[in-house]
Amino acid sequence: MERIFLSIAGFTICLIADEDSKIALDDGYFPFVIPGQSNDPDIIIRTKKGIPKELLNKKHLIFEAKNELRKYFSIYQHMESYKFIIYDQQVENKIQQIAILDREYTNWVIYTNPNEEDNNLYPLQYPLGPIVFYYFTVKLDAIMIHASGVFDGLKGRVFSGFSGTGKSTMAELWQKSGSLIINDDRLIIRKRNAGFEIHNTPMFYPDMPKMAPLHSINLIYHSKGNCIKKLSGTEAISRIMTCCIQHDYDKRIIEHQLSFISSITEQIPVYEVGFFPNEKIVDFITDYAG
Amino acid sequence: MNVSELYNYKKHFASRIVGEELILVPVKSNVADMDKIFTLNGVGNFIWEKIDGKNSEEDIIHEVANEFDVGTETATMDVKEFLNRLYDIVTKI
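In order, the protein sequences belong to chains A and B. Residue 290, in the working numbering, is where the first sequence stops; the numbers in between run on with no holes. Residue 383, in the working numbering, is where the second sequence stops; the numbers in between run on with no holes.
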């Protein structure tokens, strides 16, 4: 029985395939594969070949992710577990995979058809891979946030905001000033020891696992001139939450997220930053926020 | 909508008290409107707690007047304004 171990944001994941199947991973996952074995993984993912017909029913819908153009996935109550129907992003309404997650958010069973080219099973293909990462954070002390993150050697800074607010631009400006880009789109923030850390996650391109100690969270927007304001309390918490990945069908999940974000804001400064996209914003932020 | 009906909507929100304020996040079944998060200040927080399925609007007005040491007229205005705002929030979720 094939087993592959991954380490993502410090969480250990064990992928297990059926005896007559082989697991394959997209290129972006290879840097996160760890050699050897773990006796106590945080998450176990069993991969099965084929999608059973009995799982195709769409009863007890609790959450949907879709827009005007396409469906991404739907979540259903499935006995004592959750059932995820994942849609192919190239072929409308085609079911790509079905996944079952237990109520402890620990054990996944992913049903997937073999790849037409190599006959292997790709359990973590998009969009299910990022969905699995999100549920690490539901289970443990962490959040997943739409954000870029940079590390200057001492301090990790997070830049977040809605689409188009300049997260990637900001990351590039810091990179030009000598910082390392942790990621320019999606981060996991987790509690570690006395503080918090930011981590990248596997993307569609290969990139090494990276992390940094979290120094500040900056909620950014485009502006004619640079300006910065410190946020606190409910304003900081609610503004951060709107930038996070949220599956808000269960009060437990929302309360867990609120609690964790609240603990972040008690320790980590949160700023609202208006910026003009040139390198002057780097010194502007470090002069004000350290 | 009366206070009893508003109470039925409370279970559709997760909440957290932060200092003297209360954050409300609606339980949702889709990814739309993930930025709809509401914050209630001291008086609003107090009224939210008093919507318990047992208190009438008059009971809540009386409690607000006592708690915040204001006259009945002021308490009535505050409670009615808050309940109207809450009605707008819960019916749009």
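Glycine included, C-beta positions come from ideal geometry on N, C-alpha and C. Quick caveat: nothing in here was measured; it's all calculated off a predicted structure.
Any beta-carbon of chain A closer than 9 angstroms to the one on residue i?
i: R306 of chain B; result: yes
i: S346 of chain B; result: no
i: G361 of chain B; result: no
So, with DSSP's three-state summary, where would you put residue i?
i: E255 of chain A; result: helix
i: P130 of chain A; result: helix
i: Q246 of chain A; result: coil
i: E272 of chain A; result: strand
i: A393 of chain B; result: A query on residue 393 of chain B cannot be resolved here, the shown segment of chain B reaching from 291 to 383 and no further.
i: M334 of chain A; result: There is no way to answer for residue 334 of chain A, as the model of chain A reaches only from 1 to 290.
i: H360 of chain A; result: This structure cannot speak to residue 360 of chain A, because chain A is shown only from 1 to 290.
i: S177 of chain A; result: coil
i: M241 of chain A; result: helix
i: M170 of chain A; result: helix
i: P31 of chain A; result: helix
i: M79 of chain A; result: coil
Answer with buried or exposed for residue i, where buried requires no fewer than 16 other C-beta atoms within 10 angstroms of its C-beta.
i: N356 of chain B; result: exposed
i: K384 of chain B; result: Because chain B here runs from 291 to 383, residue 384 of chain B falls outside it and cannot be looked at.
i: F73 of chain A; result: buried
i: H215 of chain A; result: buried
i: M79 of chain A; result: exposed
i: G343 of chain B; result: exposed
i: D368 of chain B; result: buried
i: V293 of chain B; result: buried
i: Q97 of chain A; result: buried
i: P316 of chain B; result: buried
Examine chain B for any beta-carbon lying closer than 9 angstroms to the beta-carbon of residue i, and answer yes or no.
i: F133 of chain A; result: no
i: S259 of chain A; result: yes
i: E197 of chain A; result: no
i: F284 of chain A; result: no
i: F159 of chain A; result: no
i: E272 of chain A; result: no
i: F162 of chain A; result: yes
i: E54 of chain A; result: no
i: E172 of chain A; result: no
i: E116 of chain A; result: no
i: E80 of chain A; result: no
i: E2 of chain A; result: no
Would you mind telling me which residues of chain E sit closer than 9 angstroms to residue i, beta carbon to beta carbon, in chain order?
i: I313 of chain B; result: The structure shown contains no chain E; its protein chains are A and B.
Would you list, in chain order, the members of the region 226 to 253 of chain A that have their beta-carbon closer than 8 angstroms to a beta-carbon of chain B? G233, T234, E235, I237, S238, M241, T242, Q246, D248, Y249, D250, K251
Would you check if there are 3 or more beta carbon pairs closer than 8 angstroms linking the region 187 to 205 of chain A to the region 255 to 270 of chain A? yes
Are the region 158 to 170 of chain A and the region 207 to 226 of chain A in contact at 8 angstroms, needing three or more beta carbon pairs? yes
Report the residues of the region 317 to 345 of chain B with a CB closer than 7 angstroms to any CB of chain A, ordered along the chain. The region 317 to 345 of chain B vs chain A, Cβ under 7 angstroms: V317, K318, S319, N320, V321, M324, D325, I327, T329.
Check each residue of the region 58 to 69 of chain A: if its Cβ is closer than 7 angstroms to any Cβ of chain B, include it; give the result in chain order. I62, F63, E64, A65
Answer yes if the region 18 to 38 of chain A comes into contact with the region 120 to 127 of chain A, meaning at least three C-beta pairs across the two stretches below 8 angstroms, and no otherwise. yes
For the region 232 to 250 of chain A against the region 144 to 156 of chain A, do three or more pairs of beta-carbon atoms, one drawn from each stretch, fall closer than 8 angstroms, so that the two count as touching? yes
Do the region 200 to 214 of chain A and the region 182 to 191 of chain A touch if we need at least three Cβ pairs shorter than 8 angstroms? Touching, per the Cβ criterion.
Between the region 292 to 309 of chain B and the region 42 to 54 of chain A, can you find at least three pairs of beta-carbon atoms closer than 8 angstroms? no
Are at least three pairs of beta-carbons, each pair with one atom in the region 130 to 144 of chain A and one in the region 102 to 109 of chain A, less than 8 angstroms apart? The answer is yes - the region 102 to 109 of chain A touches the region 130 to 144 of chain A, with three or more Cβ pairs under 8 angstroms.
Inter-stretch contact (C-beta, 8 angstroms, three-pair minimum) for the region 108 to 116 of chain A and the region 46 to 60 of chain A: yes
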